[in-house]
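If you're matching positions, the sequence shown starts at 1 in the UniProt record's numbering and goes up one per residue.
Yeah, the Cβ is synthetic: ideal placement off N, Cα and C, and Gly gets one too.
One structure is given here, and the rest of the page talks about it.
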Amino acid sequence: MGVRPKITETDLQELPPSWAHRQCPIFTTVARQTAASLSSPPVPLTAPALLLGCSPAPHRRSATTMPLLLILLVAGAASTAAASGDGCRAGCPLALAAYYFTAESNLTFVASLFNIPDYTALLPYNPDITDPNYIVTGARVRVPFRCSCLALPADPASTFLAGSIPYALSRGETYGGVAAEFANLTTAAWMEATNRYPADKLPASGTINATVNCSCGDKSVSPRYGLFLTYPLWDGETLSSAAKQYGFSSPAQMDLLRRYNPGMDGVSGKGIVFIPVKAAIKKMDTEATEEFLAELKVLTHVHHLNLVRLIGYCVESCLFLVYEFIDNGNLSQHLHGTGYEPLSWASRARITLDSARGLEYIHEHTVPVYVHRDIKSANILIDKDFRAKVADFGLTKLAEIGTTSKSLPTRVDGMLDIYGEVSPKVDVYAFGIVLYELISAKEAIVGSAEYTDAKSLVYLFEETLSVPDPKEAIQELIDPCLGGDYPIDSVLKIAYLAKSCTHQEPTMRPTMRSVVVALMALSSKDNELNRGLSQKTEIWLAWHLGDVWPSIVTHGGSCM
């Protein structure tokens, strides 16, 4: 057994109250199954032996450089539960319910229905919700609950997997009315079968159980999945249409879903199907409690569309953070790796603006203000729609402004301001390098037969932008995979913006707010929208970006 993390209840008091239920044991099994995998490539983890304890991984790189391990979230399914015949032996600590949102619904009501004290606890499970006060009618809100192995009151030998959610009755309520409150996640007949009151003898007050069926997976079908979404089919919906909403569309994926949901293929508008869900897990050294707490305390207070969301954590025998799963790789893989289609210029521009907005949020809209300190293409995740989320906030990489770091990355220059302190301009510098990477698809440090000595990307671009005709010269640096399909004026302007971001004098670098406005202006111009607004923005940019933005206009052609 490894050394237990030195984290106490006092250490966790700064977390929002709604995070209390996202600690172990919900993720204990996940943590234990993951621990033994960190010394080898990610593989499906199902062996019961992995549940014996959270043994530390062999000594390796520190937590500050350990990559985020992306695996399928196996919530104890294959080793402790799994339906067997008509029954079960044990449940699993986490399942999700797809609650159908109506015009009368609100998140506070949904949370209270499932006995969750604060609706914000739902947000990490629903990254698509950008405004909790505005959710489209017909949307499915994911609600977490425990999936237990229960027995029928009339036949204790008959067991089944479900969540048993206490519901306080009012006079005149019926099983059918309660089932409707739960948006058809259960039925009147099923509630009558799983409660001790007949339908015609419900008390005027008291508590019954709303029984919501769930799944912990079935290792005879696949050992890879253990977290499932309980999804009731509404009018016109089928297993196939529901699956497509969650990215399951290939023949192999649909075959897997049919095996998880026997008899449901072709059924329309009735019944419940179970859809596998993914998550991401990151393990830290048990000695790195200060760094772990720093990341945990920040991410439990931060919610933004362009920041990866934290779902839960474990502090028992290991330190784990559980994030939403972004399954389209990271920007570095798309630019430098193999197996990915080349990113179009439109996708690169969108990714640039998304990641800039994420950084602007932690610089401008959090209290206290935080600095990421490890912005790079590998820490910008890309989803299936090619939208970007900033990730890996962590450990020693997040610090309050005004603190001095003893463990800053040494990958690039410009990591401290003129007073030797961490400031947001650290992230601005690193973001400038990301802009150069997006243009060129070259690594931050370039070494090849073409360049006999390793040169920084900053140096190469500064050299190119200093020639009399940079528009012509920069085309030698533009990613050939773009095939000439790009607006050269916009490419050049982004290059000049990157040059401003990587200014050696921190005070001369723009803020991320200025960067976001600049990128929005370029986006508007590229789409030929809001030309009048862009002209006003041009004046604002010239004021805030100093002498750099006028040079962009001069070399880039016509004004926006």
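Non-local C-beta neighbours of PHE182 in its own chain, meaning closer than 6 Å and more than five positions away in sequence, comprise ALA210, ordered along the chain.
In the three-state DSSP reduction, ILE478 falls in the coil class, being neither helix nor strand.
Within the segment 164-243, the beta strand (DSSP E) runs of at least 3 residues that lie entirely inside it are, in chain order, 206-213 and 228-232. Excluding the 5 residues flanking it on each side, THR174 has same chain C-beta neighbours closer than 8 Å at ALA188, ALA199 and LEU202, in chain order. Taking a C-beta distance under 7 Å as the contact criterion, ALA498 and GLY432 qualify as a contact pair. Spanning the alpha carbons of ARG373 and VAL516 requires a straight line of approximately 18 Å.
A straight line joining the alpha-carbon of ASP155 with that of ALA193 spans about 10 Å. For THR352, the number of other beta carbons within 10 angstroms of its own is at least 16, and it is reported as buried. Taking each of PHE160, VAL178 and GLY172 in turn and checking the Cα distance to PRO166, the smallest one comes out for VAL178. Following the DSSP letters along the chain, one finds ARG373 in no beta strand (DSSP E), marked with neither H nor E. For PRO93, the uninterrupted beta strand (DSSP E) run begins and ends at 92-100, by DSSP. By the CB criterion at 7 Å, PHE393 and GLU324 fall outside the cutoff.
Here the C-alpha atom of VAL458 lies approximately 10 Å from the C-alpha atom of ALA430. In this structure, DSSP gives ALA121 a helical state, which the three-state scheme calls helix. The three-state secondary structure of VAL390, taken from DSSP, is strand. The alpha-carbon of LYS376 is positioned some 41 Å away from that of SER220. Its Cα nearest to that of ASP469, the residue LEU492 stands out among CYS481, LEU492 and LEU305. By the neighbour-count definition (other C-beta atoms within 10 Å, threshold 16), CYS88 is a buried residue. LEU239 is not a Cβ neighbour of ASP218, given a cutoff of 7 Å.
Of the candidates PHE228, TYR260, THR366 and GLU505, the residue whose Cα lies closest to the Cα of PRO93 is PHE228.
For THR102, the number of other beta carbons within 10 angstroms of its own is below 16, and it is reported as exposed. Just so you know, the alpha carbons of ALA346 and ASN184 end up roughly 42 Å apart. With contacts defined as CB atoms closer than 7 Å, ALA98 and TYR231 qualify as a contacting pair. Under DSSP, CYS88 shares a beta bridge with no residue. Taking a contact to require three or more Cβ pairs closer than 8 Å, the segment 120-127 and the segment 298-315 qualify as touching. It is roughly 40 Å from the alpha-carbon of VAL422 to the alpha-carbon of GLY247. Under the DSSP assignment, ARG258 falls in the alpha helix (DSSP H) whose first and last residues are 251-260.
Each of ASP385, ASN379, ILE380 and SER440 was checked against the Cα of ILE488, and the nearest Cα belongs to SER440. LEU96 and VAL143 have their C-alpha atoms roughly 5 Å apart. For the pair SER215 and PHE145, the CB atoms are not nearer than the 7 Å cut-off. Distance check between ARG309 and each of ASP383, ASN261, LYS471 and LEU113 places ASP383 closest, using alpha-carbon atoms only.
Annotation: GLU291 to VAL434 spans about 25 Å, alpha carbon to alpha carbon. With distances taken between CA atoms, LEU113 lies nearest to VAL212 out of VAL212, ALA518, ALA280 and ARG509. Close CB contacts of TYR340 within its chain, under the 8 Å cut and outside five residues either way in sequence, are with GLY329, GLN333 and HIS334 (chain order). Between the C-alpha atoms of LYS278 and ALA521 there is a straight-line separation of about 36 Å. ASN126 is a Cβ neighbour of VAL141, given a cutoff of 7 Å.
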